[in-house]
Amino acid sequence: TEANSGAPSIFDKIISKEIPSTIVYEDEKVLAFRDINPQAPVHVLVIPKLRDGLTELGKAEPRHEDILGHLLHASKIVAEKEGIVDGFRVVINSGASACQSVYHLHLHVLGGRQMKWPPG
Ligand code: 5GP
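Numbering-wise (the UniProt record's numbering), the sequence shown opens with residue 72 and increments by one.
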């Protein structure tokens, strides 16, 4: 299945800019771009440029600790740049039962409206 394969995902084509995206933040390790199907006024995906086996959070290993921390901090920078730092949500869907659809780890940064809890 896609979830278990080492095949490149659509996000590799976004990283290589083969597929265009609206980039809102980028550094040497991560790329943040607008979700094509936004679920809130602000909906940005933050991804590692190097997948390194991180198809999903459930596959994280000790070697991924640095990039995982970097992704979270980048999410805060995105929230600040987007003007939602006072109230935003970061979501990671890991695996099919969590509705993950792209198997390259990504953090959803959502905001710009009142969020509901629980998310369902
Ligand atoms: P998941 O369901 O795996 O947690 O989230 C995948 C997200 O990627 C979805 O919110 C979906 O809208 C977004 N997405 C899928 N393909 C593309 C694409 O080609 N470009 C952009 N910008 N977002 C995409």
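Built from N, CA and C at the ideal position, the CB exists for glycine as well.
Can you have a look at residue i and say buried or exposed, based on whether 16 or more other CB atoms are within 10 angstroms of its CB?
i, result
"residue 144", "exposed"
"residue 78", "exposed"
"residue 72", "Caution is warranted here: a pLDDT of 49 is assigned to residue 72, below 50, making its placement in the model unreliable, and no coordinate value can be reported."
"residue 94", "exposed"
"residue 122", "buried"
For the candidate residues the options, whose alpha-carbon lies nearest to that of residue i?
i, options, result
"residue 161", "118, 122 and 130", "118"
"residue 101", "134, 90, 149 and 183", "149"
"residue 107", "123, 97, 90 and 96", "90"
"residue 186", "159, 123, 132 and 131", "159"
Less than 8 Å between the C-beta atoms of residue i and residue j, yes or no?
i, j, result
"residue 176", "residue 125", "yes"
"residue 129", "residue 165", "yes"
"residue 180", "residue 82", "no"
"residue 155", "residue 113", "yes"
"residue 105", "residue 87", "no"
Tell me the DSSP bridge mates of residue i?
i, result
"residue 179", "116 and 162"
"residue 78", "Its beta-bridge partners do not exist; DSSP assigns none."
"residue 101", "119"
"residue 211", "With the chain represented from 72 up to 191, any question about residue 211 goes unanswered, as that position is not in the structure."
Which residues in the same chain have their Cβ closer than 6 Å to the Cβ of residue i, if we skip the five residues on either side of it in sequence?
i, result
"residue 163", "128 and 178"
"residue 98", "none"
Can you find the residues in the same chain that come closer than 7 Å, C-beta to C-beta, to residue i, ignoring five residues on each side of it along the sequence?
i, result
"residue 96", "103, 145, 148, 149 and 152"
"residue 111", "181, 182, 183 and 184"
"residue 80", "173, 174 and 175"
Leaving out five residues on either side along the sequence, give the residues of the same chain with a beta carbon under 8 Å from the beta carbon of residue i.
i, result
"residue 120", "86, 99, 100, 101 and 102"
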